[in-house]
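I have placed the structure first, in the form of structure tokens, so that the comments after it can refer back to it.
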Amino acid sequence: MKPVLSKLLLACGLALSLPALADTWLIRDARVFDGEKLHARRSVLVQDEKIVDADFRGPVPPNARIVEGAGRTLLPGLIDAHVHAFQQFELPLLFGVTTQLDMFTSVSVLQEMNDRMRRHDNRTRADVISAGTLVTAPDGHGTEYGMTIPTLTRPEDAQSFVDARIAEGSHFIKIVMEDGGSKFKFKSLDLATVRAVIAAAHKRGKLAVVHIGNLANARAALEAGADGLAHLFVGRGLSEAEVQDFVRLAREKRAFIVPTLSVLESVAGLRADDLLADAGLTALLTNEELAPLKVSFGQQPAAAIMTSPRQLVAALSKAGVPLLAGTDAGNPGTLYGISLLHEVAALVQAGLTPVQALAAATSAPAKAFRLQDRGRIAKGYKADLVLVQGDAASDVTALHHIVEVWKDGAVLTDTRQAKQQQVAQALQQRQQGYAALPHDGRISQFTPEHLGSALGMGWMASSDQMMGGQSQVDLKVLEAGADGQRPLEIRAKVATGFAFPWAGVAYMPGAQPLQPADLRAAKLLRFRVKGDGQRYVVAMLSSGSRIPVNVGFATSDSWQEVVLRLEDFRGVDFGAVTMIAFNAGPQAGDYQFQIADVRLVSQ
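What the sequence shown shows, in mature numbering (1 follows the signal peptide of the UniProt record, and there is no 0), is residues -22 to -1, 1 to 581, in sequence order.
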């Protein structure tokens, strides 16, 4: 396509993405789920940013735009009760998510979103109601993302810490009570400090929500007075006594629970295949945007560890404990907006009725977080609405079939169509052919002067220091062996100080660091290795993902060839690979290994 024409189409797409001016809409004769119950047939009148009549029966107002609702369900704009909003702010609206409850983002994002909402200038994005900076211990969960945040050590400092968050613009307080799992450890706030933070939040009229990682911490947080839990936890099953005791405690404390089944499934190595298999949904997402849905925290499926959270969801629902639909979007296995459609279905599979699951994504989070202007279809509420084909109150997969979305009374037809065109154009360009590999597949050209490659910019040292860690690595090119290839020696000192420490060497296949390269012509990664007998990993990263996919390999004191199938790097987009690394870790200690003759080959 000619550059001028391409720019013209892009300009048209951007123009189409601008919201229509808010005016008067009549959604006529639809099934209406008002956030709590279903009405078989109603008409809803919207004027400017508000719903002016949730059961309109008069003549069509002059100049009103009519949308026929027959065979369709009108719902309040969906609310994702657990995200980490730091990117892709326009995505949620494409899937009917008009509000996100953010559990940790940067202060700059928090304040920008607060300002946009204050100015009523946020029609192109979902509203973000945020905790801002979470409350955690030094080296605790939340400190591992490469940005410096304030931390808390003593209960005596809880009130000033909470007051500082409120001054920054936090809507509620998020507390971390998490010490990690068997493979990694975090430092955690002690119970006395958690109690003090909850009391400090309540003193200022703010909700206190707690991130937990196991049953003991969940119980402790509720007993400490938490208003809600930001997660449930994985496990192979709880006893009936454990389930009932937990449910009884949640009821007594009048707490709400955000199960976040979507991210727990990711921990269990499960993917949201219902989303990936729906062409109507994926037509709204670029390959880069789809990338997080194709990977998971767990490298291998372990469905059995979803038993505990599903047990608790069923029991909590039966007992009437408020459940809120939240995804933990921003993490592997999840994506803003679209993952909430999966979360609603997962709640139904865990035991909720479709109406209960829809309420968990609309009125329940609005009520729990004291958002009095949304989550319902009622007079005076925000005109945040979703119209879907079918009866969503009997089959929640109707949420996949969006007819229209309104945000603050502005319709998003043009925005969704422009995004579909953008995705289709990108797909067409991608299908034009693969990038050529070197004739022999060799991507390692190690010399004392340069760690080069016939493809891309070459190789460089890599460690967790870029994320604030303490690991170190030293690279040295050795004398050539009998085959004429110079090995690269990697000496690594993996240290604590980062949650997932690593040190090694990274190959950059693009022209610049982390620039994507099309490696779809390759099927195998071959390399020679020898070392100290410890295990290492090849870590592969593609555009749109923040956490690499790892495949392990062993070393010995003699040279051996390792052959890895690229298809085993589950979820990597080989059309946009940004890095291939050879890493030591995460166990702390000293490591030494050598690699040579690294090749990407088609067979």
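Ideal Cβ positions, reconstructed from N, Cα and C, are used throughout, including at glycine.
Note that this is a predicted model, so its numbers are computed, not measured.
For residue -2, I'd like the list of residues in its chain whose CB is within less than 7 Å of its CB, leaving aside the five on either flank, ordered along the chain. Note that residue -2 has pLDDT 45, beneath the 50 cutoff, so the model's placement of it is unreliable and the number below is only indicative. Contacts found: none.
Leaving out the 5 sequence neighbours to the left and right, which residues in its chain are closer than 6 Å to residue 420 when beta-carbon positions are compared? 577, listed in sequence order.
To the nearest angstrom, report how far apart residue 339 and residue 581 are at their CA atoms. Approximately 48 Å, taken between the alpha carbons.
Give the DSSP-derived three-state secondary structure of residue 494 in the structure shown. The answer is coil: DSSP assigns residue 494 none of H, G, I, E or B.
When burial is assigned at 16 or more other CB atoms within 10 Å of the CB, is residue 214 buried or exposed? Looking at its Cβ environment, which holds fewer than 16 other Cβ atoms inside 10 Å, residue 214 is exposed.
Residue of 179, 126, 119 minimising C-alpha distance to residue 156: Ranking the options by Cα distance to residue 156, first place goes to 119.
Ordered along the chain, which non-local residues of its own chain (more than five positions away) have a Cβ less than 7 Å from that of residue 124? Excluding sequence neighbours, residue 124 sits near 444, 445, 446.
According to DSSP, is residue 167 helix, strand or coil? Secondary structure at residue 167: coil, using DSSP grouped into helix, strand and coil.
Just curious, the beta strand (DSSP E) that residue 283 is in, first and last residue? Looking at the DSSP string, residue 283 is not in any beta strand (DSSP E), and its letter there is neither H nor E.
In whole angstroms, what is the alpha-carbon distance linking residue 484 and residue 514? Approximately 13 Å between the Cα atoms of the pair.
Whole-angstrom distance between residue 31 and residue 54, CA atom to CA atom: Cα to Cα, residue 54 sits roughly 14 Å from residue 31.
3-residue-minimum beta strand (DSSP E) runs that sit fully inside the segment 252 to 319, ordered along the chain: Scanning the segment 252 to 319 for uninterrupted beta strand (DSSP E) segments of 3 residues or longer gives nothing; none is fully contained.
Chain B within 8 Å of residue 266, Cβ atoms only: No chain B is present in this structure, which holds just one protein chain.
Could you give the DSSP three-state label for residue 144: helix, strand or coil? In the structure shown, residue 144 adopts helical secondary structure according to DSSP, grouped into three states.
Are the segment 301 to 311 and the segment 260 to 268 touching, with three or more C-beta to C-beta distances below 8 Å? With the cut-off at 8 Å, the segment 301 to 311 and the segment 260 to 268 do not touch.
Going by DSSP in three states, residue 98 sits in which element: helix, strand or coil? In the structure shown, residue 98 sits in coil (DSSP, three-state: anything other than H, G, I, E or B).
Quick check: the Cα distance between residue 93 and residue 549, rounded to an integer number of angstroms? So the alpha carbons of these two residues sit roughly 37 Å apart.
Given this structure, state the Cα-to-Cα distance separating residue 173 from residue 183, to the nearest angstrom. Rounded to whole angstroms, residue 173 to residue 183 spans 15 Å at the Cα level.
Consult DSSP for residue 570 and reduce its assignment to one of helix, strand or coil. Residue 570 falls in the strand class under three-state DSSP.
What would DSSP say about residue 34, mapped onto helix, strand or coil? Residue 34 carries a coil assignment under DSSP once its states are collapsed to helix, strand and coil.
Among the candidates 79, 5, 71, 89, whose CA atom is the shortest distance from the CA of residue 52? Of the listed residues, the one whose Cα sits closest to residue 52 is 5.
From 181, 110, 304, 78, residue whose alpha carbon lies closest to that of residue 89: Ranked by Cα distance from residue 89, the first of 181, 110, 304, 78 is 110.
Ordered along the chain, which non-local residues of its own chain (more than five positions away) have a Cβ less than 7 Å from that of residue 356? The residues are 12, 29, 32.
Would a C-beta distance cut-off of 8 Å place residue 335 and residue 325 closer than the cut-off? Cβ atoms of residue 335 and residue 325: closer than 8 Å.
Length of the line joining the Cα atoms of residue 381 and residue 79: Going by C-alpha positions, residue 381 is about 24 Å away from residue 79.
Out of 393, 84, 116, which one is the CA nearest neighbour of residue 106? Cα-wise, what sits closest to residue 106 is 84.
Taking the alpha-carbon of residue 65 as reference, which of 247, 313, 504, 375 has the nearest alpha-carbon? Cα-wise, what sits closest to residue 65 is 313.
Please report the straight-line C-alpha distance between residue 250 and residue 203, rounded to a whole angstrom. One C-alpha to the other measures close to 34 Å.
With a cut-off of 8 Å on the beta carbons, I'd call residue 560 and residue 482 a contact; round off their distance for me. Confirmed, about 5 Å.
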